[in-house]
DNA sequence: CCGTATAGTCTACATTGTAATCCTTTAGTC
DNA sequence: GACTAAAGGATTACAATGTAGACTATACGG
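Residue numbers (the working numbering), protein chains in the order written: chain A, 5 to 112; chain B, 5 to 112.
Below is the structure:
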């Protein structure tokens, strides 16, 4: 049974997909995440999390259609599902509520 | 070895302590969390998380000093440490960065 | 005393987070 | 056309975090 809220890393991965626009390709998403949060992300952990979120219905992916080169054949392109988006909104709303009024203390 | 970022629940618990003001007492914090996030929180899970965060240095607590009644003797009053506050800021900054620009999609 | 409520503790297990290692396919290159 | 490297993923294994349920101890009304 999945949790009510997205895990901390799940949330960040899902947001990174959104940031790359739809049909974001795996390692680009990972780079985006690393740059935006200044955090190292291992490939293994990254794909593990993606697969788990697929199982929960928060994202889907398609294999890249080969164009010029066969090189691309194994690339996966990810998209957030409506359920995933809803989960993101729910997590965001909860945090926003909790942060509300604490700006003086939390602001950096 | 603890993680770089606060877990999703850890973050919410820590924020709830801040919201109650310093030296917040256990079950009040729990109530605050339940009300603000509209989520059920079991006592066991709640205290487990508090104890783990104490071990990581994100919070401290003192036993309530008995005043009129001995009734209060076992109450614990929690405070967020500077390290805890820093962790909250770090998590908040990362999420803020990731959300930035996605408001049209994430807004409820 | 006895029953009940309060405040917390302990135990156990499920879910998530993380890294290290392995596997395939393609691109040279000689 | 076999050999090597690198790109992109998949597997495996384990640590950390999330969660609930049952258990304890203290105080209070009667």
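Beta carbons are placed, not taken as given, at the ideal position from N, Cα and C, and that holds for glycine.
Just so you know, these numbers come straight off a predicted model, no measurement behind them.
Short CB-CB distance (under 8 Å) between residue 55/B and chain A:
Closer than 8 Å: no.
For residue 9/B, would you say it is in contact with chain A, using Cβ-to-Cβ distances shorter than 8 Å as the test?
So, interface residue.
Report, in whole angstroms, the separation of the C-beta atoms of residue 19/A and residue 92/A, which I expect to be a contact under 8 Å.
With a Cβ gap of about 7 Å, residue 19/A and residue 92/A count as contacting.
Using a cut-off of 8 Å between C-beta atoms, extract the partners of residue 101/B located in chain A.
Residues of chain A passing the Cβ test: 40, 41.
Within this structure, are the beta carbons of residue 96/B and residue 103/A separated by less than 8 Å?
With respect to residue 103/A, residue 96/B sits close: the two C-beta atoms are nearer than 8 Å.
Coarse secondary structure for residue 76/A, derived from DSSP in three states:
Reliability fails at residue 76/A, whose pLDDT of 45 lies under 50, so the model's placement of it is uncertain and the value that follows must be treated cautiously. Helix at residue 76/A.
Alpha carbon to alpha carbon, how far is residue 58/A from residue 12/B?
Each residue's CA atom was taken as its position, placing residue 58/A and residue 12/B some 20 Å apart.
Give me the chain A residues within the contact set of residue 24/B, using Cβ-Cβ distance strictly less than 9 Å, ordered along the chain.
Correct list: empty, because the minimum Cβ distance to chain A is about 11 Å.
Please report the straight-line C-alpha distance between residue 44/A and residue 21/B, rounded to a whole angstrom.
So the two alpha carbons sit approximately 30 Å from each other.
With a cut-off of 8 Å, does the C-beta of residue 93/A fall near any C-beta of chain B?
So yes, residue 93/A belongs to the interface.
CB contact check: residue 98/B to chain A, cutoff 8 Å
Output row for residue 98/B: interface = yes.
For the beta strand (DSSP E) containing residue 66/B, list its first residue and its last residue.
Segment 63–67, the beta strand (DSSP E) holding residue 66/B.
CA-CA distance, residue 54/B and residue 68/A?
The C-alpha of residue 68/A is placed about 45 Å away from the C-alpha of residue 54/B.
Report the CB separation of residue 25/A from residue 62/A in whole angstroms; it is logged as a contact under 8 Å.
Contact flag wrong, Cβ pair sits at about 17 Å.
Would you mind stating whether residue 65/A and residue 50/A have Cβ atoms separated by less than 8 Å?
In this structure, residue 65/A lies away from residue 50/A, with their beta-carbon atoms at least 8 Å apart.
Residues of chain B with CB under 8 Å from residue 109/A, in chain order?
The answer, in chain order, is 22, 89.
On the DSSP bridge assignment, give the partners of residue 82/B in chain order.
According to DSSP, residue pairing for residue 82/B in a beta bridge involves 28/B, 65/B.
Quick one: grab the DSSP three-state call for residue 44/B.
Under the three-state reduction of DSSP, residue 44/B is assigned to coil, being neither helix nor strand.
Considering Cα atoms alone, identify which of 30/B, 7/B, 42/B is closest to residue 101/A.
The shortest Cα separation from residue 101/A among 30/B, 7/B, 42/B belongs to 42/B.
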